[in-house]
Amino acid sequence: MLFEIFIRSQHGLAHKHVGSLHAPDAAMALANARDVYTRRHEGVSIWVVPSAEITASSPGNREALFEPANNKVYRHPGFYDIPPEVKNL
Amino acid sequence: MEIAAAPELSFQARIDEGVKIEPKDAMPEAYRQTLIRQISQHAHSEIVGQLPEGNWIGRAPTLQRKAILLAKVQDEAGHGLYLYSAAETLGASRNDLVADLLSGKAKYSSIFNYPTLTWADIGAIGWLVDGAAIMNQIPLCRCSYGPYARAMVRICKEESFHQRQGFDILRVLCQGTAAQKAMAQDALNRWWWPSLMMFGPPDEQSSHSAQSMQWKIKLVSNDGLRQKFVDQTVPQADFLGLRVPDPDLKWNEERGHYDFGPIPWEEFHQVIRGHGPCNRDRLLTRQKAHHEGAWVREALNAYARKHEKAG
Amino acid sequence: MAAPAVFEFCLRLGDNDLILSQRLGEWCGRGPVLEEDLALTNVALDLLGQARLWLSHAASIEGRGRNEDQLAFLRDAGEFRNLLLVEEPNGDYAHTMARQYYFDAWHLVVLDALSIASDASVRDIAAKAVKEVAYHLQRSRDWMIRLGDGTEESHRRLQAAADQLWPYTGEMFAMDEVEASLGDVGCDLEALRAPWREEVQSTFARATLAVPAAGWMQRGGKQGVHSEKLGLLLAEMQFLQRAYPGAQW
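Residue numbers (this note's numbering), protein chains in the order written: chain A, 1 to 89; chain B, 1001 to 1311; chain C, 2001 to 2249.
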């Protein structure tokens, strides 16, 4: 599963989107995010969200507002359909 | 996905104005495909690049050097990850990209098809290969595609110590015993020309360049970067007391650049075609890791599915 | 306070970390998942950092002018003091995780005990390491559970690994004269057996694994009597320093 990662660094401010990673569930995504995006610095706050759970606005394109299937954060909604039998994350 | 002519003009205008293109923006299919290919090639290079250096983690000559090398190789895994993420924003899937690498269909930087034969090679890789990579990556921080540019910024920040550690390894060798100095010279002899080839074929032979330049996916020409690299690196070699293995290398006062000898392009093409010293080994190693890890990935998925309802 | 005993004790702790870190480094670029490659390398780096602290401290106690590198690269296998457990080869990922888990569970309780040791240096190193090792244990425990309760294949592999490595766990708690003589500079390893077992039993239950039956425990690593594997590991690790004696790197 693809997760989007948001980090708030030690010195405050809002969480910032830093990228994505693959993990089988949220718990592992969180652990991986610590290792990948913070290299384990203390005091950071991490949010992980499955990419498929993010609803995004469309970039000012009128047709897109009427296509609910087109509201995922990345380009091709079909990309999220990973069959459970697929052997890789 | 078809794009009408009018949106395509505004797409180019955005690029010309330096406005970043983001994942959901309308874009020509060729732009998307070129980016996927370029970004994934870069990602594959980072992943395969762990292997020549990883070869010496177990034999690093001091605990400090071991720690630094471990951290460097880990950074490279991280960079591969950031880049796969950037490619995925364009609709590619990491599984597919990896499958293309393992099948031999996708390319990665030719430099990683050379063997690391001595500890000095680790120094040479940091100094020359990372040096060349940084030269390519800094302009890419300004490329037109947002996620790629941001990944590059993150990578460049982490890259800063890589080149320095390589140079430092060689500096100590060059100040050491005669055998160590010879080791360093030998490494430079073997890594110099492949490093120059990292910048790709000469501009006039580079098929994708013009369109990529217009779309700001490529920001400096191959020859331009190559020249800059030579100009920057030769004084560093002089500092180390090492001899660049190019009898035609000469400062050209008129041009304000170093003249250098002909690049053995035939070797480059053979390596790209799969005939470099390590192509087979690199691919076999990655295939083996992937294949032997399949049961692990399946287990992780199975556990997650079993427990997702339990929450 | 017996200085030679403290020296020995620090070597044991440092050598555990060094040899295990060396093993983990072998996974670089070959792990099952990219994210995990990164995470495991973090563990290897942590352990290497801890090894350097213990070995440097050992060298300073010894007072013969040796440093961390001389201890790491110029001792023969008979002078290494690591547990037999950590010199075991990586095997498959189940084997690596089982080895890691058994070690982490012990490592944490030892460091906890040492963070109230009477020797300030020992205490400081332990206190610094304990945070990292708490995370190592969380990780390896999680892997035991995920692989144990994953697929039939992962379960089978992990049970086999847990069984195969079990005879190396007794050495972790078997105190010898060196450890017994440390007093409050060291810790009571015997007393750590029960909390370790409790941790293992609880994790194995969640992992649907069977705790291996009691049986003969292998010993000798702490006294310098190692398996055939350590010599090969050191031959690789120490090569450059041996081939180019006295050189700077």
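Glycine residues also receive a C-beta, built at the ideal position from the N, C-alpha and C atoms.
- Identify whether B/H1257 lies in helix, strand or coil by the three-state DSSP scheme. As a first step, residue 1257 of chain B is located in the second sequence; it is residue number 257 there, counting from the start. DSSP places B/H1257 in strand when its eight states are reduced to three.
- Where B/K1272 and B/S1110 are concerned, what is the direct C-alpha to C-alpha distance, given to the nearest angstrom? In the second sequence, counting from the first residue as 1, residue 1272 of chain B sits at position 272. In the second sequence, counting from the first residue as 1, residue 1110 of chain B sits at position 110. Reading the sequence as shown, one finds Ile at residue 1272 of chain B and not Lys. Those two C-alpha atoms are separated by around 6 angstroms.
- Neighbour-count burial assignment, C/G2014, 16 or more Cβ in a 10 Å radius: As a first step, residue 2014 of chain C is located in the third sequence; it is residue number 14 there, counting from the start. Under this definition C/G2014 is a buried residue.
- Along the segment 2028 to 2049 of chain C, what residues have a CB closer than 7 angstroms to any CB found in chain A? V2033, E2035, L2038, A2039, N2042
- In whole angstroms, what separates the C-alpha of C/A2191 from that of C/M2172? Along the third sequence, read from residue 1 onward, the residue named residue 2191 of chain C stands at position 191. Along the third sequence, read from residue 1 onward, the residue named residue 2172 of chain C stands at position 172. Using only the alpha carbons, I get a separation of about 11 angstroms.
- Identity of the residue in C/Y2102, C/R2023, C/L2147, C/E2088 nearest C/T2169 by Cα: Counting from 1 along the third sequence, the entry for residue 2169 of chain C is found at position 169. When only C-alpha atoms are compared, the closest one is C/Y2102.
- Query: Do you know offhand how far A/A69's Cα is from B/G1146's?
  - Reply: The residue given as residue 69 of chain A occupies position 69 in the first sequence. The residue given as residue 1146 of chain B occupies position 146 in the second sequence. Residue confidence is low: A/A69 scores 45 on pLDDT, short of 50, so the model does not pin down where it sits. No coordinate-derived value is stated.
- Query: Can you tell which of C/E2035, C/A2129, C/L2038, C/R2064 has the C-alpha that lies nearest to the C-alpha of C/D2017?
  - Reply: Here residue 2017 of chain C refers to the residue found at position 17 when the third sequence is read from its first residue. Per the Cα distances, C/A2129.
- Message: Distance cutoff 9 angstroms, beta carbons only. Does A/H22 sit that close to anything in chain B?
- Response: Reading the first sequence from its first residue, position 22 is the one you call residue 22 of chain A. It does; some Cβ of chain B falls within 9 angstroms.
- Item | Distance, C/I2145 Cα to B/V1098 Cα | Numbered from its first residue, the second sequence carries residue 1098 of chain B at position 98. Numbered from its first residue, the third sequence carries residue 2145 of chain C at position 145. Their Cα atoms are separated by approximately 28 angstroms.
- Task: Report the option in A/R34, A/S45, A/A27, A/H11 whose CA atom is closest to the CA atom of B/A1304.
- Result: In the second sequence, the residue the question calls residue 1304 of chain B occupies position 304. With distances taken between Cα atoms, B/A1304 lies closest to A/A27.
- Query: Smallest Cα separation from C/E2153: which of B/A1299, B/H1307, B/G1176?
  - Reply: Indexing the third sequence from 1 puts residue 2153 of chain C at position 153. The shortest Cα separation from C/E2153 among B/A1299, B/H1307, B/G1176 belongs to B/A1299.
- Going straight from the alpha carbon of B/G1058 to that of B/K1306, what length do you get? Indexing the second sequence from 1 puts residue 1058 of chain B at position 58. Indexing the second sequence from 1 puts residue 1306 of chain B at position 306. Between B/G1058 and B/K1306, the C-alpha separation is close to 39 angstroms.
- For A/P50, does the three-state DSSP call read helix, strand or coil? Taking the first sequence and counting its residues from 1, one reaches residue 50 of chain A at position 50. Strand, per DSSP.
- Item | Interface residues of the segment 1088 to 1109 of chain B facing chain A [CB-CB below 9 angstroms] | E1088, T1089, L1090, G1091, A1092, S1093, R1094, N1095, V1098, A1099
- Query: Buried or exposed: C/G2065, going by 16 or more other Cβ atoms within 10 Å of its Cβ?
  - Reply: The count along the third sequence starts at 1 and reaches residue 2065 of chain C at position 65. Exposed is the call here.
- Task: Quick one: using the 10 Å Cβ neighbour count with 16 as the cut-off for buried, is B/F1239 buried or exposed?
- Result: Mapped onto the second sequence, residue 1239 of chain B falls at position 239. Exposed is the call here.
- Taking the alpha carbon of B/K1218 as the point to measure from, which residue in B/F1199, B/T1233, B/Q1227, B/K1228 has its own alpha carbon closest? Start at 1 with the first residue of the second sequence, and residue 1218 of chain B comes out as number 218. With distances taken between Cα atoms, B/K1218 lies closest to B/F1199.
- Cutoff 9 angstroms: B/L1063 Cβ touching any chain A Cβ: Looking up residue 1063 of chain B in the second sequence gives position 63. Taking Cβ atoms only, chain A never reaches closer than 9 angstroms to B/L1063, which makes this a no.
- Query: Using the beta-carbon of each residue, which ones in chain B are nearer than 8 angstroms to A/S58?
  - Reply: Taking the first sequence and counting its residues from 1, the one referred to as residue 58 of chain A is at position 58. Those are K1024, listed as they occur along chain B.
- Quick one: Cα of B/L1140 to Cα of B/P1201, how far? Here residue 1140 of chain B corresponds to residue number 140 of the second sequence, with the count starting at 1. Here residue 1201 of chain B corresponds to residue number 201 of the second sequence, with the count starting at 1. If you take the alpha carbons of B/L1140 and B/P1201, they lie about 19 angstroms apart.
- Task: Could you name the residues of the same chain whose beta carbon sits closer than 7 angstroms to that of C/E2068, not counting the 5 residues immediately before and after it, in chain order?
- Result: Looking up residue 2068 of chain C in the third sequence gives position 68. Only R2052, L2055, S2056, A2059 meet the Cβ criterion.
- Item | Residues of its chain near C/I2019, where Cβ-Cβ distance is below 8 angstroms and the 5 sequence neighbours each way are ignored | Counting from one through the third sequence, the residue named residue 2019 of chain C turns up at place 19. Excluding residues within five positions, the ones whose Cβ falls inside 8 angstroms are F2080, N2082, V2086, E2087, L2230, L2233.
- Item | Per-residue DSSP class, three states only, for A/I98 | The structure shown has nothing for residue 98 of chain A, since chain A only spans 1 to 89.
- Item | CB contact below 9 angstroms: C/D2188 versus chain A | Numbered from 1 along the third sequence, position 188 holds the residue referred to as residue 2188 of chain C. With 9 angstroms as the cut-off, C/D2188 does not count as an interface residue toward chain A.
- Could you check what DSSP says for C/L2182 in three-state terms: helix, strand or coil? As a working mapping, residue 2182 of chain C is identified with position 182 in the third sequence. Note: C/L2182 maps to coil in three-state DSSP.
- Message: Based on DSSP bridge pairs, tell me the residues matched to A/H22.
- Response: Counting from 1 along the first sequence, the entry for residue 22 of chain A is found at position 22. A/L2.
- Which of helix, strand or coil DSSP assigns to B/I1021: The residue you call residue 1021 of chain B lines up with position 21 of the second sequence. Correct three-state label for B/I1021: strand.
- Item | Residue closest to A/S51, alpha-carbon to alpha-carbon, out of A/Q10, A/R34, A/D25, A/T38 | As a first step, residue 51 of chain A is located in the first sequence; it is residue number 51 there, counting from the start. For the residues A/Q10, A/R34, A/D25, A/T38, the minimum Cα distance to A/S51 belongs to A/D25.
- Message: As a quick exercise: from B/I1138, B/R1297, B/M1197, B/D1248, pick the residue whose alpha carbon is nearest that of B/I1155.
- Response: By one-based count along the second sequence, residue 1155 of chain B stands at place 155. The option with the nearest alpha carbon to B/I1155 is B/I1138.
- Item | Closer than 7 angstroms at the beta carbon, the chain C residues around A/V36 | By one-based count along the first sequence, residue 36 of chain A stands at place 36. Correct list: E2035, L2038.
- Message: By the DSSP assignment, the beta strand (DSSP E) with C/N2082 in it spans what residues?
- Response: Here residue 2082 of chain C refers to the residue found at position 82 of the third sequence. Element bounds for C/N2082: n/a, residue is neither H nor E.
- Message: I need the straight-line Cα distance from C/S2218 to B/E1308, nearest angstrom please.
- Response: Taking the third sequence and counting its residues from 1, one reaches residue 2218 of chain C at position 218. Taking the second sequence and counting its residues from 1, one reaches residue 1308 of chain B at position 308. Note that residue 2218 of chain C is Gln in the sequence shown, not Ser. The straight-line gap from Cα to Cα measures roughly 41 angstroms.
- If you follow the beta strand (DSSP E) that B/W1251 is part of, which residue opens it and which one closes it? Along the second sequence, one-based indexing puts residue 1251 of chain B at 251. Element bounds for B/W1251: 1250 to 1252.
- Query: Do the segment 2232 to 2249 of chain C and the segment 2193 to 2211 of chain C touch if we need at least three Cβ pairs shorter than 8 angstroms?
  - Reply: no
- Task: Select from C/W2166, C/E2026, C/A2003, C/S2021 the residue whose C-alpha is nearest the C-alpha of C/S2121.
- Result: As a first step, residue 2121 of chain C must be located in the third sequence, where it is residue number 121. That would be C/A2003, whose Cα lies nearest to the Cα of C/S2121.
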